[in-house]
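Down below is the structure, laid out as structure tokens.
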Amino acid sequence: MRDTVLVSIDYNDKTNKGVLCVGRQLPNKGVDIVNAIDGPEAKELFEKLITKRSNKNEQL
117 MRDTVLVSID
127 YNDKTNKGVL
137 CVGRQLPNKG
147 VDIVNAIDGP
157 EAKELFEKLI
167 TKRSNKNEQL
């Protein structure tokens, strides 16, 4: 199985308005937008996605 998920955000911290879009691209296909989340929830989800978690089993 091969799949690609794309995440994009356009957010204004001053107004707390914006949108997070989730797209999916299958091999040799165009991108389909599968979800859009707006408002503060968009920023919260984006922060979760980009924050690296520490892993006790991870070796450098």
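All residue numbers for the sequence shown refer to the working numbering, where the first residue is 117 and numbers rise by one. Idealized CB from N, CA, C, for every residue including glycine. Note that this is a predicted model, so its numbers are computed, not measured.
Just to confirm, are Val-121 and Arg-140 a CB contact at a threshold of 8 Å?
-> yes
Where does Leu-142 fall in DSSP's three states?
-> coil
Helix, strand or coil at Lys-133 according to DSSP, with G and I counted as helix = strand
Give the DSSP bridge partners of Ile-149, in chain order.
-> Gly-139
Unbroken beta strand (DSSP E) run spanning Ser-170, endpoints | Looking at the DSSP string, Ser-170 is not in any beta strand (DSSP E), and its letter there is neither H nor E.
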